[in-house]
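Chemist: One structure follows; several queries about it will come next.
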Amino acid sequence: MAGTGTIAIEAALIATATAPGLRRHFACERWPCHSGELLASVRATAAAMRRSAPVPVLARDVNPRAVAAIRHNATAAGMGGVVRVERGEVRSLPVQAPGTVVLTNPPYGERLGEPTELKVLYRGLGDTFKQRLPECTVWILTGNPELAKSIGLRANRRVQVFNGPIECRLLRYEIVAGSPRHRSTG
1338 MAGTGTIAIE AALIATATAP GLRRHFACER WPCHSGELLA SVRATAAAMR
1388 RSAPVPVLAR DVNPRAVAAI RHNATAAGMG GVVRVERGEV RSLPVQAPGT
1438 VVLTNPPYGE RLGEPTELKV LYRGLGDTFK QRLPECTVWI LTGNPELAKS
1488 IGLRANRRVQ VFNGPIECRL LRYEIVAGSP RHRSTG
């Protein structure tokens, strides 16, 4: 559920302290008053601030076209060596080390998925989080708060955001190892 890799690529840019637009060229560079030396100096300063990623950044999707798009986009952003791309289902995600942060943007019925199928998907996400992400933090971006109830976990933080014109929630879950929490009927 990594789509085209935007979230993973942004995470990699942040993790490596890579300035946004460092590799881009802008129309103003062709203006007569533009100082190529100044821009080169600013780019060199920004490039010198880059560092190795302190943690791995993983993008995982079951769709082979999405995996190809993630690889292409990560390479285009200069993050091909930072973002590790895997094809696979969330349910087969290896158990992650405590402290791992996961951010996912599952379908919520706007462009992909039918409500009944998505409810099952969200319930499966909750089960997977409990089994494979003990002592981890999970963030979910969803445009459907009703589907989020199917996760069966209580979000300890909710942030309203917009995905274009779609009102969404960014929900944080602190996954507790061996949690006695029971699934809600939601």
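Take any residue in the sequence shown, note its place counting from 1, add 1337, and you have its number in the working numbering. Beta carbons are placed, not taken as given, at the ideal position from N, Cα and C, and that holds for glycine.
When the Cα of residue 1463 is compared with those of 1454, 1422, 1437 and 1485, which residue comes out closest?
Modeler: Looking at the Cα atoms, 1485 is the closest of the given residues.
Chemist: With distance defined between alpha-carbon atoms, name the residue in 1477, 1473 and 1504 nearest to residue 1487.
Modeler: The option with the nearest alpha carbon to residue 1487 is 1477.
Chemist: Taking residue 1526 as the reference, which of 1475, 1417 and 1480 has the closest Cα?
Modeler: Past the boundaries of the shown model lies residue 1526; the chain is included only from 1338 to 1523, so the question cannot be answered.
Chemist: Does the beta carbon of residue 1383 fall short of 6 Å from some heavy atom of the ligand FMN?
Modeler: Here there are no bound small molecules, and the ligand FMN is not part of this structure.
Chemist: Is there a Cβ from chain C that is less than 7 Å from the Cβ of residue 1377?
Modeler: Checking the listed chains, one finds no chain C in this structure; it contains a single protein chain.
Chemist: For the 8 Å Cβ check, are there 3 or more pairs between the region 1486–1501 and the region 1453–1470?
Modeler: Result yes; three or more Cβ-Cβ pairs closer than 8 Å.
Chemist: Under a Cβ-count criterion, where at least 16 other Cβ atoms within 10 Å of its own Cβ denotes burial, should residue 1493 be classed as buried or exposed?
Modeler: Counting Cβ neighbours within 10 Å, residue 1493 comes out exposed, since fewer than 16 surround it.
Chemist: Any chance the region 1395–1413 sits against the region 1370–1384, with 3 or more Cβ pairs inside 8 Å?
Modeler: Contact between the region 1395–1413 and the region 1370–1384 is absent, because fewer than three Cβ pairs lie under 8 Å.
Chemist: Give me the Cα-Cα distance between residue 1471 and residue 1435, rounded to the nearest whole angstrom.
Modeler: Answer to the nearest angstrom: the Cα atoms are 6 Å apart.
Chemist: Within its chain, find whatever has a CB closer than 7 Å to the CB of residue 1441; leave out the 5 residues flanking it on each side and keep chain order.
Modeler: The residues are 1338 and 1477.
Chemist: Can you name the start and end residues of the beta strand (DSSP E) that residue 1509 belongs to?
Modeler: Per DSSP, residue 1509 belongs to the beta strand (DSSP E) from 1503–1511.
Chemist: Nearest to residue 1283 by CA position, among 1389, 1496, 1453 and 1367, is which residue?
Modeler: Shown here, the chain extends from 1338 to 1523; a query on residue 1283 therefore has no answer.
Chemist: For residue 1410, which of helix, strand or coil comes out of DSSP?
Modeler: The answer is helix: DSSP assigns residue 1410 an H, G or I state.
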